[in-house]
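**Q** Residue 143 is where the first sequence starts when you use this note's numbering, and the numbers rise one by one after that.
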Amino acid sequence: MFALVDCNSFYVSCERLFNPSLRTKPLIVLSNNDGCIISRSTEAKELGIPMGGAYFKVKKEFEAKGGVSVSSNYCLYQDVSQRVMRELEALAPQIEVYSIDEAFLCLKGFSSKELLAWGKKIKKTIYQNIGIPVSVGIAPTKVLAKMAGQIAKNNHLFNGVCFLESIVTQEKFMADFPIECLWGIGRKSALKLRSFNIKTALDFKNFSNTYLVQKTLTKTGRQIQDELRGISCLGLNAIQERKAITSTRSFGRGVYSLEELQEAIANYVTKAAEKLRQQQSCCKLLSLYIRTSPFQDTSQYSRYAHFEFPHPTNDTLKMIKCAHNVLKDIYRPGYKYQKAGVILSHLIQENQIQLDFFQQQENSKLIKSLDRINQQFGSLSIKSASCGTENKWRMKSEYKSKRYTTQWSEIAEVKCI
DNA sequence: TCTGGGGTCCTAGGACCC
DNA sequence: TCTGGGGTCCTAGGACCC
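1. Buried or exposed: which applies to Ser350, given that a residue is buried once 16 or more other Cβ atoms fall within 10 Å of its Cβ?
2. With a Cβ-Cβ cutoff of 7 Å, do Phe144 and Lys284 count as a contact?
3. Compare the Cα-Cα distances from Tyr153 to each of Arg182, Leu164 and Pro320 and report the closest residue.
4. In whole angstroms, give me the CA-to-CA distance for Trp260 and Asp513.
5. On the premise that Met316 lies in contact with Thr342, defined as a C-beta separation below 8 Å, what is that separation, rounded to the nearest angstrom?
6. Taking the alpha carbon of Leu249 as the reference point, which residue from Lys263, Ser241 and Ala234 has its own alpha carbon closest?
7. Tell me which same chain residues have a C-beta within less than 6 Å of the C-beta of Phe449, skipping the five on either side of it?
8. Quick one: what's got a C-beta closer than 7 Å to Cys529's C-beta in the same chain, skipping five residues either side?
9. If you pair each beta-carbon of the region 450 to 463 with each one of the region 373 to 391, do three or more pairs fall below 8 Å?
10. Residues bridged to Ile432 by DSSP?
11. Could you tell me which whole alpha helix (DSSP H) segments of length 4 or greater appear in the region 244 to 327?
12. Could you spell out where the beta strand (DSSP E) holding Ile509 opens and where it closes?
13. With DSSP as the reference, label Thr352 as helix, strand or coil.
14. In terms of DSSP beta bridges, what is Cys464 paired with?
15. Gly483: which of Ala447, Asp345 and Gln491 sits nearest, CA to CA?
16. Just to confirm, is the Cβ distance from Lys265 to Val278 under 7 Å?
17. Please state whether DSSP places Ala196 in a helix, a strand or coil.
18. Per DSSP, which one or two residues make a beta bridge with Glu450?
19. Helix, strand or coil for Ala414? Go by DSSP, reduced to three states.
20. Would you grab the beta carbon distance between Ile268 and Ile274 for me? Rounded to a whole angstrom, and I think it's under 8 Å.
21. Inspect the beta-carbon positions of Ile321 and Cys304 and report whether they are closer than 7 Å.
22. Assuming Lys478 and Tyr398 are in contact, meaning their beta carbons sit under 8 Å apart, how far apart are those beta carbons, in whole angstroms?
Structural data, given as structure tokens:
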């Protein structure tokens with residue numbers, strides 16, 4: 143048996159945790175650059191605010207109806223997430239942290255009678271100890287547990303906990319479960335399945351042409367079908383090292399000059415390289431891209447290029463130099479650039495690097511000192527001069543809440559009146 | 001004027017080997 | 001004029017997730 147624990151409107155719930163005045167208002171959380179809507183309270187959903195929609199399109203109307211918008215605050219969300227996961231680890235024999243707001247639990251050793259009660263206990267404990275409301279779905283496979291989670295969240299009769307035990311119950315809900323809502327079936331796959339007259343999860347379960355499923359949806363689709371049939375294909379995944387680290391941002395305004403792009407790229411490399419060192423890895427390949435806005439009618443330009451290091455590295459300064467060389471190659475003047483990004487891949491553990499006769503000593507002492515200083519005095523306290531100081535291109539984040547739990551200077555205040 | 005960011009997995013097809 | 005068969009490895013691009 144698997145359980146899926148999913149935090150309800152996670153970012154919104156985090157914001158409400160430390161700002162009770164937001165608890166009764168329609169609330170939305172915006173993506174980076176205050177561009178899109180990425181989390182909505184129930185009240186905001188009822189006002190018809192679309193998930194993933196462009197903020198500027200709804201801003202006026204939403205505010206007129208008393209809605210409140212906040213910029214995303216990942217320091218806060220990450221920290222609250224870790225607290226939730228710690229609680230879950232104490233409650234279940236095995237856990238897979240699937241995303242910032244979700245975890246799968248493996249339920250060996252529970253009788254089916256105990257399972258529902260146990261699900262309710264999880265919900266209650268997380269709310270009591272952390273203050274975040276969650277939904278719990280329990281079923282024999284991961285895909286079914288995901289489905290149970292959806293049902294627990296949307297069907298009020300369940301009070302946030304749904305256990306799909308018997309095949310009869312599973313099929314009863316599958317019959318009303320649209321195919322596009324199934325975990326792993328996106329827009330494209332749903333269209334293909336609908337062309338075979340498969341409209342619900344139950345239709346998919348009963349579709350007998352497995353050859354066609356494999357052919358159109360590849361191995362992934364076949365596994366989903368098996369999981370619907372109660373055959374578990376997807377186990378609990380252990381935490382694994384990242385295979386790639388990316389840092390990409392849209393600009394707060396159009397960027398034209400090479401100098402500003404260089405600044406932005408230097409900042410992104412700095413960020414990505416820090417993450418790389420945190421997991422004690424080096425990278426062999428640095429990829430980089432710049433592009434104009436696809437939403438604008440002005441002439442478009444987009445380029446993607448790589449640099450392969452002769453020796454795997456995590457040295458920020460060396461990486462910035464190489465990135466700048468690549469950037470010079472792909473930069474063309476006269477365009478209004480909207481976004482740039484850096485991707486580090488072909489990662490390898492620091493202690494597994496193969497050295498050779500001619501390899502120069504890495505500048506590791508300097509980099510280690512930088513990391514230590516930044517850890518103590520805050521991110522980017524000391525950085526390469528190429529990162530610039532003004533950063534006029536920097537993304538917008540106009541309505542950001544405080545980092546209540548990770549920054550002493552921003553800690554929550556309690557006032558006695 | 002303003003439309004996010006960070007990931008994973010799978011497959012086809014190219015390049016190469018003997 | 002005729003030009004095989006069996007294999008591996010790598011990567012770009014597509015699709016999906018939250």
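The C-beta atom is built at its ideal place from N, Cα and C for all residues, glycine as well. Please read all numbers here as calculations on a predicted model, not as lab measurements.
**A** This is what the structure holds:
1. exposed
2. yes
3. Arg182
4. 43 Å
5. 6 Å
6. Ala234
7. Leu428, Cys464 and Val468
8. Glu405, Ala408, Asn409 and Thr412
9. no
10. Arg445 and Ala482
11. 254 to 271, 284 to 296 and 309 to 316
12. Segment Ser506 to Phe519 is the alpha helix (DSSP H) holding Ile509; no beta strand (DSSP E) there.
13. helix
14. In DSSP, Cys464 forms no bridge with anything.
15. Ala447
16. yes
17. strand
18. Leu427
19. helix
20. 6 Å
21. no
22. 6 Å
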